[in-house]
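Residue numbers (this note's numbering): 1369 to 1447.
To start, the structure under review is shown below, and the notes come after it.
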């Protein structure tokens, strides 16, 4: 019985975030990976101009995506 209890508590501590927060983080990771792949292809195709466009149009939205994910997660912990 003690081993079963230890395993279940270890599983609970391994996942400290609530399920919705984990889902948001997974979604943000998937979106980031897709944007990174598209950005690399865009830079490879258009060179320096592509790098400027990616830098100007992709970095800020991704930053806001991750910040909003963290803000919502901290709000869930507080409630």
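Backbone N, C-alpha and C fix where the C-beta goes; we use that ideal spot for every residue, glycine too.
Checklist entry - Just the Cα atoms here: how many angstroms apart are residue 1421 and residue 1411? => result 9 Å
Next on the checklist: Quick check: residue 1404 and residue 1434, are their CB atoms within less than 7 Å of each other?
Outcome noted: no
Item to check | Beta-carbon gap between residue 1428 and residue 1407 smaller than 7 Å | outcome: no
Next on the checklist: Measuring only the C-alpha atoms, how far is residue 1389 from residue 1437?
Outcome noted: 8 Å
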